[in-house]
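*Asks:* Residue 384 in UniProt numbering sits at position 384 of the sequence shown, and the numbers go up by one each step.
All residues carry an ideal CB built from backbone N, CA and C; glycine is no exception.
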Amino acid sequence: MKERIVLHERIVLHERIVLHEQFDAMVENAPHKIAISAHHVEMTYQNVQDRATQLAYRLMESGIGAEDVVGIYIERSSDMIIAMLAALKVGAAYLALPPDYPTERLRYMITDSRARLVLTRTMMKDSTVIENVATVYIDEIQSVVPKILPQVTSQQLAYVIYTSGSTGRPKGVGVTHHSVANLVSQKQQYVHFGPNEKILQLAPAAFDASAFEIWGALTNGAVLVLASPSYQAIDELPKCLVEHGITILLLTPALFHVLVDYREEALDSVPQLLVGGDAMSVTHAFKYLSRKQKPDKYFLFNNVYGPTEGTTLVSSYSMSSLSIDAIKSPLGKPIVNAEMYLLDEMLRPVRPGERGEIHIGGQSVARGYLYQPGLTSLRFLPDPFSTQPGARMFATGDEGVLSNDGLIEFVGRLDDQVKVRGHRVELAEVEHAIKSCQDVSAVCVVLNIDSDRHVEQLVAHYTTHTDHTTHKSTDVEQAIITRVQTLLPSYMWPSQFIQHEQLPLTSSGKVDRRFLMGWKEAERLEEVVSSELSVTEALVAEIWQQILGPFDVVPDADFFALGGDSLLAIQVIAEAEKRGLNLTLSTLFRTSTLREMCKDLVLPEQTDNGLTEDEALLAKIWQQVLGPFDAVPEADFFSLGGDSILAIQVIAEAEKQGLMIELGTLFRNPTLCGVCRGLAQTEEALSQQNENSLINETDKQRLPVNIETAYPATRLQLGMLFEGLYSGKAIYLDVIARDVNLPLDEKIFHDTLQAIAKRHPVLRTRFDLASFSEVMQLVESLPSLPLIVENYTNLDDEQLAARHEKVMVELSRPFDPEEAPLMRVHAATLNEGQFRLAYAFHHAILDGWSESVFILELLRLYQSNLAGESVLLEQPAPLSEFVKLEREALSNDKAKQFFSQYLAKGKTDRYQDTDYRKAVSVLPERTVKQLLKNVSDWGIPLKSMFFASFYLTTAHQLQDIGFVAGMSVNGRPEREGADLTLGLFLNHIPIKLNLDFANNWQVLARQAFDAEKEILPFRRFPYSEIQTLLGGPPFEATFSYVHFHSRNELLERGLVNTNEDVRDHTSLPIRVELINDLKGEGILINVTADERRYGTGFALALAERLSEKIEDMAFLSGQII
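1) Does the beta-carbon distance from Val430 to Met492 come in below 7 Å?
2) Quick one: is Val175 buried, meaning 16 or more other Cβ sit within 10 Å of its Cβ, or exposed?
3) Which residues bound the alpha helix (DSSP H) around Ala1005?
4) Considering only residues of the same chain and omitting the five flanking positions on each side of Lys992, which have a CB-CB separation below 6 Å?
5) Taking contact to mean 3 or more Cβ pairs, one atom from each stretch, closer than 8 Å, check whether the segment 345-363 and the segment 434-444 are in contact.
6) Tell me whether Asp830 sits in a helix, a strand or coil according to DSSP, three-state version.
7) Using only alpha-carbon positions, find the residue among Ala755, Lys918 and Ser921 that is nearest to Phe854.
8) So, is Ser323 buried or exposed, given that buried needs 16 or more other C-beta atoms within 10 angstroms?
9) Do you know whose CA, among Ser949, Pro973 and Ile64, lies nearest Leu1102's CA?
10) With 16 other CB atoms within 10 Å as the buried threshold, where does Glu653 fall?
11) Can you tell me whether Thr908 is helix, strand or coil according to DSSP?
12) Between the C-alpha atoms of Thr469 and His500, what's the straight-line distance to the nearest angstrom?
13) For Lys943, count neighbouring Cβ atoms within 10 angstroms of its own Cβ and tell me buried if that reaches 16, exposed if not.
14) For Leu1055 and Glu857, what's the separation of their Cα atoms in angstroms?
15) So, is Ser316 buried or exposed, given that buried needs 16 or more other C-beta atoms within 10 angstroms?
16) From which residue to which residue does the beta strand (DSSP E) around Val871 run?
17) Is DSSP giving Ala395 helix, strand or coil here?
18) Using the Cα positions of Thr486 and Ser164, report the straight-line distance between them to the nearest angstrom.
19) Just to confirm before moving on: does the CB-CB distance between Leu1004 and Ala1011 stay below 7 Å?
20) Need the endpoints of the alpha helix (DSSP H) that Arg1092 sits in, please.
21) Only counting the same chain, and skipping five residues up and downstream in sequence, which positions put a Cβ closer than 8 Å to that of Glu819?
22) What residue from Gln155, Leu958, His39 and Ala710 has the CA that sits closest to Asp67's CA?
23) Report yes if the C-beta distance between Ala827 and Leu837 is below 7 Å; otherwise report no.
24) Return the chain-ordered ranges of every beta strand (DSSP E) run that is complete within the segment 74-161 and spans a minimum of 3 residues.
25) Taking a contact to mean a Cβ-Cβ separation below 7 Å, would you say Ile36 touches Met26 in this structure?
26) To the nearest angstrom, how far is it from the Cα of Gln649 to the Cα of Ser495?
27) Three-state secondary structure (DSSP) at Val1056?
28) Below 8 Å on the Cβ atoms is my guess for Leu331 versus Phe410; work out the distance and round it to an integer in Å.
29) Nearest-angstrom Cα distance between Leu567 and Ser864?
30) For Leu594 versus Pro628, is the C-beta distance shorter than 7 Å?
31) Could you tell me whether the Cβ atoms of Gly356 and Ser386 are closer together than 7 Å?
32) Output the boundary residues of the alpha helix (DSSP H) element that contains Ala1037.
33) What is the DSSP secondary structure of His988, reduced to helix, strand or coil?
34) In whole angstroms, what is the alpha-carbon distance linking Arg1063 and Ile845?
35) As a quick exercise: from Ile961, Ala391, Arg824 and Thr829, pick the residue whose alpha carbon is nearest that of His843.
36) Can you find the residues in the same chain that come closer than 6 Å, C-beta to C-beta, to Arg1105, ignoring five residues on each side of it along the sequence?
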């Protein structure tokens, strides 16, 4: 009997074998062979070895050694693999800390594992996960003094993985080198490892399947192909498998089932396929095998089984041997050096046909639970069937049955542990998280399984300390959801939350889990529509209930009496818009009762069942995947039991029906009507979604996980960045200070600042100068504009001036373009109703117009927030549109031809030593009024008049009447919202005038206007490219005219005073700027010049001479010049 149920095959492995030494052997054998292919960037075995060894030296400097735990807080990347290898080299065990896990869970894992140190990247510096633990940033390491690496034994820990815990806390499983080496040995038969294989690393690093993928490749000389951190298998897997020639692939049954159903061709190119982590459907197995009518001799399709405590997998069954009448997939036989026993409660082998608990023995058994000797002794038992001294076996808690041919079939669990889409979940841990909500009195979480549709969903049933209600949007439920998402990874989140007056009990007084597993939530007890309400009123009442919670629905119900306010009103309006109701904020405030509000509202036309054609088609697809439900426009995918796996099924099926649905659309707008609105997206939404289309696929794969979007830097940005870096000076940096006529509330102002940063991507942007095929603008996901707050109320005038100067100097320090944000803000209270606002920014992220929009929006929103009111800001256009337009201009051959013919060769002289001086002059109001009269009489813009004056004046000052001037032009897209977008949209274009043919001011102004019109079609052709065409800078003097309406609005609203302190730093030899924002009191002339080049007093002389010439143009327009 013992021989029949103790299933094992033994092959002796070297006792001293350790993972990194196996890797070292691969390096020695083939140093230049590709080891890692990460997002189309390849590293050889020698490359990986060199970086891992350097990092290991650094770990030794930090005192890391044998059996220490090292956290790896890095997304899936080559850096993650190198960090793991470095930890092993010093004798430590690595602990993967996925950046997308909840912060509290990661902190717990670090604390519970007693991790000595965490390896991460500099982008994670501000993460609260690592604030209380020693940290090494691997991207900051240069060279380290070599050291002698320690000897590591095969019985030392290689890694720690946390699994769901029945006590409500996850538990760490420690796995040794010996166990992992056995798993990935070339002597194994369940898969064929070797140097010619390519293995896809698809599993999250925090799951044990990753050990099979990573070390199966790197200890056998194979290529490890890393899926991107944001990998979407259903869309990307077919291409990935073919493109990289993947030969070994391990999938969970959930993903395997979806691929077979919706992308059956995806797996055709893979010769070795393993499926494990949960029960595999034989139906899907047969469907897959049917495509392999004539598999080649290397074809392998195995069902594998094993828990984390058994080092990923311990048994394998060839599905090619599956009987045609099979109902279940057998677990098969143990892999080499592993043992499986099916034992009763007295640890005696069971007979064929009898059930027992599956136990695992041999080299696959992990060391135990980290720092939990009691729990370890309970589950890791002495092995009575082994001849090895001290051998142990692991009691899995899985129930199996022994077939007549000696194979074990999985039956179920002996406890409350479940598998959800391949992930191991202790229901008690989910219940513990929910019970931590103060309003919850009792909870029971069950796994509901729809075997027909292969859908697994966690459902939470709970009771509260408050009165029972069947309404699904209660504050309690929202609190539960928030708590669960804070504590648990996403695969442990219940799909449904059902509130009860009392949980059902068994006769013994325990919660009846079996009853709850078959529970169908009752329909709502009361319908919104009553005889008192019209259909429109009923619809609006439902929206109110969604926003405000349950209330007695009567025609005289008052929105504000029910707790509504201006912010909630905006939510109501947004929901009403989704239902096709044109409800405005003014209507809601003017007529706050249900009946009055609905008098003039008109319901949109609908089909008989209230659905549009697209909604009806999508409803059928949902019913296919989710089962029957009442198809109404507001039907919510997730409320109906949907989850991320089911979402993939829906998207794939919708694609077959001609509906192109994005996963993000479904998650953001999960109702039928919401998803279908996304099908008819505006051009604006499409351009926002397609920002990444401006970068190639290789660069897309390199994007860090915390990046919201990315697009290439523009040419002007590149010039500013590199000139600033190579000069070592703080150029292209603007510092502005204004006195704001509002009280300073630090919290409200800080929150307002972050809201503006969230609204405008450029305020969260950094530049990456080296990691991509070109310099990239990376937009970080979370807003974090730094704010420093002070109090100046006790300073006298002299002290205030001194402190102000010091702040302005501090703000003027250079920015690191690779660190976001490229803005810093300082606010200081002057008195009870006024504060001084100072801020600095890199000119590469904001032009002058953008700065004026920024300050107006910031102060308008702050003023509204102070008053407890809301302000609706119009939607800006996406910045990426300008990047795209510049790209189009770069490929414009007509532009290249135009500038080549328009100008002679550029100047090549450059001055290393500079001395910039600034002069200011003001055109009086009477002059401006006369100029405006000339505008009307001549039909020529004010800008052209100013440019003509500038050109003539500068030509005389430079004693060069044929010189070329630069004009600053705005390249913003011609579309709605472009004027509200923050960014750098400027370009400098060369313009030359012929002074020989300008006999009076009107002729010269007309010539300037015509020159600008001629060059306008090429205004986005980058200045840097013009320099390249001409062999040097085409001009040394630049002109700009700005009329910032936003600044005028600031003054009109009384938000700021006219006095301001503006300091900018440039490298342009001569810059002349005319600013029309003095609220009708004149026009400001700013002249900045390099007086080391042009002589002392040049700037002031040019400013004064220009003022005189403009006066002449205003009042002596017919005069010969």
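*Replies:* Straight from the coordinates:
1) Counting from 1 along the sequence shown, the entry for residue 430 is found at position 430. Counting from 1 along the sequence shown, the entry for residue 492 is found at position 492. Closer than 7 Å, so yes.
2) Residue mapping note: residue 175 aligns to position 175 of the sequence shown, counting from 1. With at least 16 other beta carbons inside 10 angstroms of its own, Val175 counts as buried.
3) For this step, residue 1005 is matched to residue 1005 along the sequence shown. Under the DSSP assignment, Ala1005 falls in the alpha helix (DSSP H) whose first and last residues are Trp1001 to Ile1015.
4) Within the sequence shown, residue 992 is the residue found at index 992, counting from 1. For Lys992, where only same-chain residues beyond five positions count, the Cβ hits under 6 Å are Val964.
5) No, because fewer than three Cβ pairs between the segment 345-363 and the segment 434-444 fall closer than 8 Å, the two stretches do not touch.
6) As a first step, residue 830 is located in the sequence shown; it is residue number 830 there, counting from the start. For clarity, residue 830 is Leu in the given sequence; the question names Asp instead. Residue state for Leu830 is assigned as strand, using DSSP reduced to three classes.
7) As a position in the sequence shown, residue 854 is number 854, starting the count at 1. Comparing C-alpha distances from Phe854 to each of Ala755, Lys918 and Ser921 shows the shortest one belongs to Ala755.
8) Start at 1 with the first residue of the sequence shown, and residue 323 comes out as number 323. It counts as exposed.
9) For the purposes of this step, residue 1102 is taken as residue 1102 along the sequence shown, with counting starting at 1. Closest option to Leu1102, Cα to Cα, is Ser949.
10) As a working note, residue 653 is residue 653 in the sequence shown. Answer is buried; the Cβ neighbour count reaches 16.
11) In the sequence shown, counting from the first residue as 1, residue 908 sits at position 908. Residue placement at Thr908 is poorly supported in this model, since its pLDDT is 43, which falls under 50; the coordinates are not used for a value here.
12) Reading the sequence shown from its first residue, position 469 is the one you call residue 469. Reading the sequence shown from its first residue, position 500 is the one you call residue 500. Here the model assigns Thr469 a pLDDT of 47, short of 50, so the residue's position is not dependable and the matter cannot be decided.
13) Numbered from 1 along the sequence shown, position 943 holds the residue referred to as residue 943. It counts as buried.
14) For the purposes of this step, residue 1055 is identified with residue 1055 of the sequence shown, where counting begins at 1. For the purposes of this step, residue 857 is identified with residue 857 of the sequence shown, where counting begins at 1. If I take the Cα positions, the gap works out to 11 Å.
15) As a first step, residue 316 must be located in the sequence shown, where it is residue number 316. Flag for Ser316 reads buried.
16) Position 871 of the sequence shown, counting from 1, holds the residue named residue 871. Careful: Val871 lies outside any beta strand (DSSP E) and carries neither H nor E.
17) On the sequence shown, residue 395 is found 395 positions in, with the first residue counted as 1. When DSSP states are grouped into helix, strand and coil, Ala395 belongs to the strand group.
18) Within the sequence shown, numbered from 1, the residue matching residue 486 stands at position 486. Within the sequence shown, numbered from 1, the residue matching residue 164 stands at position 164. Cα to Cα, Thr486 sits roughly 15 Å from Ser164.
19) Position 1004 of the sequence shown, counted from the first residue, corresponds to residue 1004. Position 1011 of the sequence shown, counted from the first residue, corresponds to residue 1011. Between Leu1004 and Ala1011, the CB-CB gap reaches or exceeds 7 Å.
20) Translated into the one-based positions of the sequence shown, residue 1092 becomes position 1092. For Arg1092, the enclosing alpha helix (DSSP H) stretches over residues Glu1091 to Tyr1094.
21) Residue numbering aside, residue 819 sits at position 819 when the sequence shown is read from its first letter. Around Glu819: Arg766.
22) The residue labelled residue 67 in the question sits at position 67 within the sequence shown. Asp is not the amino acid found at residue 67; the sequence shown has Glu there. Looking at the Cα atoms, Gln155 is the closest of the given residues.
23) Position 827 of the sequence shown holds residue 827. Position 837 of the sequence shown holds residue 837. Contact check for Ala827 against Leu837 passes: the beta carbons are separated by less than 7 Å.
24) Listed in chain order, the complete beta strand (DSSP E) runs (minimum 3 residues) inside the segment 74-161 are 93-96, 117-120 and 135-137.
25) Here residue 36 corresponds to residue number 36 of the sequence shown, with the count starting at 1. Here residue 26 corresponds to residue number 26 of the sequence shown, with the count starting at 1. It is not a contact, given that the beta carbons lie outside the stated cut-off.
26) Taking the first residue of the sequence shown as 1, we reach residue 649 at position 649. Taking the first residue of the sequence shown as 1, we reach residue 495 at position 495. Distance between the alpha carbons of Gln649 and Ser495 is about 16 Å.
27) As a position in the sequence shown, residue 1056 is number 1056, starting the count at 1. Looking at Val1056 - three-state DSSP - the assignment turns out to be strand.
28) Counted from its first residue, the sequence shown places residue 331 at position 331. Counted from its first residue, the sequence shown places residue 410 at position 410. At roughly 6 Å, the Cβ-Cβ gap stays under 8 Å, so Leu331 and Phe410 are in contact.
29) Counting from 1 along the sequence shown, the entry for residue 567 is found at position 567. Counting from 1 along the sequence shown, the entry for residue 864 is found at position 864. Unreliable placement is indicated for Leu567, whose pLDDT of 41 sits below 50; the coordinate value is still reported in the next sentence. About 12 Å.
30) Along the sequence shown, one-based indexing puts residue 594 at 594. Along the sequence shown, one-based indexing puts residue 628 at 628. No, the Cβ-Cβ distance between Leu594 and Pro628 is not below 7 Å.
31) Within the sequence shown, numbered from 1, the residue matching residue 356 stands at position 356. Within the sequence shown, numbered from 1, the residue matching residue 386 stands at position 386. With contacts defined by Cβ atoms closer than 7 Å, Gly356 and Ser386 do not form a contacting pair.
32) Counting from one through the sequence shown, the residue named residue 1037 turns up at place 1037. Secondary structure note for Ala1037: it is in no alpha helix (DSSP H), and the uninterrupted beta strand (DSSP E) holding it is Ala1037 to Val1042.
33) Working through the sequence shown from its first residue, we reach residue 988 at position 988. His988 falls in the strand class under three-state DSSP.
34) Sequence index remark: in the sequence shown, residue 1063 carries index 1063 (1-based). Sequence index remark: in the sequence shown, residue 845 carries index 845 (1-based). A direct Cα-to-Cα measurement between Arg1063 and Ile845 gives close to 16 Å.
35) Looking up residue 843 in the sequence shown gives position 843. Scanning Ile961, Ala391, Arg824 and Thr829 for the CA closest to the CA of His843 turns up Arg824.
36) To locate residue 1105, count along the sequence shown from 1; it is residue 1105. Beyond the five residues adjoining it in sequence on each side, Arg1105 comes within less than 6 Å, by CB distance, of Thr953 in the same chain, given in chain order.
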